[in-house]
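Worksheet for the structure shown next.
Chains as they are written, first to last, in this note's numbering: chain A, 54 to 289; chain B, 54 to 289.
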């Protein structure tokens, strides 16, 4: 591999929203299809903007354990209100909420995971609930060695219980686990537990109108343009 | 389908040891390769015989939550002692304990799961821990929509928290979940929660010397000779 890691990782754990799937493009597409007379990209950004504050309420203990499906619905109701949309039926709202189960993978993901799985144990580690992820990966045709979720550990990332939970599941030391994500806060959470970190550039995560700064940061063990580049760097 | 079910199942949850993989033949093969001068099939039966009593200690609260990997090791140490085997190194014992991560699927399983996944959400629901199952299915080349384990629910089957936990993960009513298993006690546990049950004949689960009675019982919704027969009955 381009950067020798000692010990080499045994398990690669992947963040999902933004890293593996294009939530912005997919949500905007579904919202656009409803022809609500609003900017679908702005709606997608507003919906996602409620995500971290909603999880923070669970992480602080203000809310008991609540699945992302339910948090997404709470935020959706607020965002519909803010955009002045009052004419969706309950069935339409429920269907729209499940748009998070139908997000397209970035184009490099299927081949990248296949190559990485030949040498490593490859799992997801998402704040998305298990049922959401099962639907998502069936929809996108992605295969993992294991799907893991905040739901298993009853803690949302970046709580240490999530990263250390992966190590416990696979009976490995933290240094043998590498988190793969497009978000520095997530990667920093993993490193604080003694895990490795690999940053993936997803400059269009928030859509073409809000391009992300994907400049390499020295804190991460690896920096890759996409999963094919990561596979190459890891010798797969 | 041959037997109409109303409502039709949305999720098929599979027992694993005995139903999906041949633990007896696989464990006997690994034990036999060690050339210990004992009957490998009898050793496999003795190891497995400790399984339900060990889980019962967790289910009753006598033992705190303990993964199957650790229960298997506790039982292994007792069985080695009983068979008078004192010359295995710690590394050999650890490797032998992980034989439960290397169990062969029955020959109908890969194709059966592929067919069933076209129409249903198909998950495992095993008392085996998540890491064990991830290894097992990678070893056997089996793909699921989701791997579920007693470890997720912190309860061993047949505790109701396991079957109802599957329904909660997928946000379905109990009647929309069908447990698929080669064991009547497991199927009865699912039915007691309002779930459906499908019995799979595995006459050689305990080896050729201890053939199982696989006579159909009227309590089960479906009775199938193997997963291909189940797929046929479910219209896949």
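Even for Gly, the Cβ is constructed at its ideal location relative to N, Cα and C. What you are looking at is a predicted structure, and each value in this text was computed from that prediction instead of being measured.
Short Cβ contact (9 angstroms threshold) for residue i with residue j
{"i": "residue 80/A", "j": "residue 97/A", "result": "yes"}
{"i": "residue 68/B", "j": "residue 239/B", "result": "yes"}
{"i": "residue 63/B", "j": "residue 206/B", "result": "no"}
{"i": "residue 161/A", "j": "residue 280/A", "result": "yes"}
{"i": "residue 237/A", "j": "residue 270/A", "result": "yes"}
{"i": "residue 233/B", "j": "residue 109/B", "result": "no"}
{"i": "residue 111/B", "j": "residue 124/B", "result": "yes"}
{"i": "residue 100/A", "j": "residue 128/A", "result": "yes"}
{"i": "residue 260/A", "j": "residue 94/A", "result": "yes"}
{"i": "residue 189/A", "j": "residue 84/A", "result": "no"}
{"i": "residue 213/B", "j": "residue 194/B", "result": "no"}
{"i": "residue 136/A", "j": "residue 89/A", "result": "yes"}
Terminal residues of the beta strand (DSSP E) in which residue i lies
{"i": "residue 253/B", "result": "249-253"}
{"i": "residue 276/B", "result": "275-277"}
{"i": "residue 64/B", "result": "64-67"}
{"i": "residue 234/B", "result": "230-234"}
Residue interval of the alpha helix (DSSP H) (run including residue i)
{"i": "residue 281/A", "result": "280-286"}
{"i": "residue 238/A", "result": "237-245"}
{"i": "residue 257/B", "result": "Per DSSP, residue 257/B belongs to no alpha helix (DSSP H) and is neither H nor E."}
{"i": "residue 220/B", "result": "213-223"}
{"i": "residue 203/A", "result": "203-206"}
Straight-line Cα distance separating residue j from residue i
{"i": "residue 199/B", "j": "residue 130/A", "result": "29 angstroms"}
{"i": "residue 176/A", "j": "residue 221/A", "result": "13 angstroms"}
{"i": "residue 183/A", "j": "residue 204/A", "result": "7 angstroms"}
{"i": "residue 290/A", "j": "residue 72/A", "result": "Past the edges of chain A, shown from 54 to 289, lies residue 290/A, and the structure says nothing about it."}
{"i": "residue 86/A", "j": "residue 244/B", "result": "42 angstroms"}
{"i": "residue 164/B", "j": "residue 258/B", "result": "20 angstroms"}
{"i": "residue 168/A", "j": "residue 59/B", "result": "42 angstroms"}
{"i": "residue 192/A", "j": "residue 78/B", "result": "36 angstroms"}
{"i": "residue 284/B", "j": "residue 141/B", "result": "44 angstroms"}
{"i": "residue 255/B", "j": "residue 70/B", "result": "11 angstroms"}
{"i": "residue 119/B", "j": "residue 180/B", "result": "11 angstroms"}
{"i": "residue 117/A", "j": "residue 76/A", "result": "26 angstroms"}
{"i": "residue 300/B", "j": "residue 289/B", "result": "Outside the shown range of chain B, which is 54 to 289, sits residue 300/B, and nothing can be said about it."}
{"i": "residue 91/B", "j": "residue 171/A", "result": "36 angstroms"}
{"i": "residue 208/A", "j": "residue 268/A", "result": "30 angstroms"}
{"i": "residue 197/A", "j": "residue 166/A", "result": "8 angstroms"}
{"i": "residue 202/B", "j": "residue 262/A", "result": "43 angstroms"}
{"i": "residue 159/B", "j": "residue 286/B", "result": "19 angstroms"}
{"i": "residue 107/A", "j": "residue 121/A", "result": "9 angstroms"}
{"i": "residue 105/B", "j": "residue 210/B", "result": "10 angstroms"}
{"i": "residue 273/B", "j": "residue 282/B", "result": "15 angstroms"}
{"i": "residue 57/A", "j": "residue 134/A", "result": "51 angstroms"}
{"i": "residue 145/A", "j": "residue 61/B", "result": "23 angstroms"}
{"i": "residue 126/A", "j": "residue 143/A", "result": "11 angstroms"}
{"i": "residue 277/A", "j": "residue 155/A", "result": "25 angstroms"}
{"i": "residue 264/B", "j": "residue 147/B", "result": "30 angstroms"}
{"i": "residue 82/B", "j": "residue 82/A", "result": "54 angstroms"}
Worksheet item: Using 8 angstroms as the Cβ pair cut-off and three pairs as the minimum, do the stretch 217-227 of chain B and the stretch 237-254 of chain B touch?
Response: yes
Item to complete: Flag this pair as touching only if the stretch 223-237 of chain B and the stretch 221-231 of chain A have three or more C-beta atom pairs under 8 angstroms; answer yes or no.
Response: no
Practice prompt. Taking only runs that begin and end inside the stretch 116-201 of chain A, name each unbroken alpha helix (DSSP H) of 4 or more residues, in chain order.
Written response: 121-135, 143-150, 162-172 and 183-193
Discussion item. Taking 8 angstroms as the cut-off, does the stretch 139-157 of chain B touch the stretch 180-194 of chain B (at least 3 CB pairs, one atom from each stretch)?
Written reply: yes
Worksheet item: Unbroken alpha helix (DSSP H) runs of length 4 or more, entirely within the stretch 85-113 of chain A: which are they?
Response: 93-102 and 104-112
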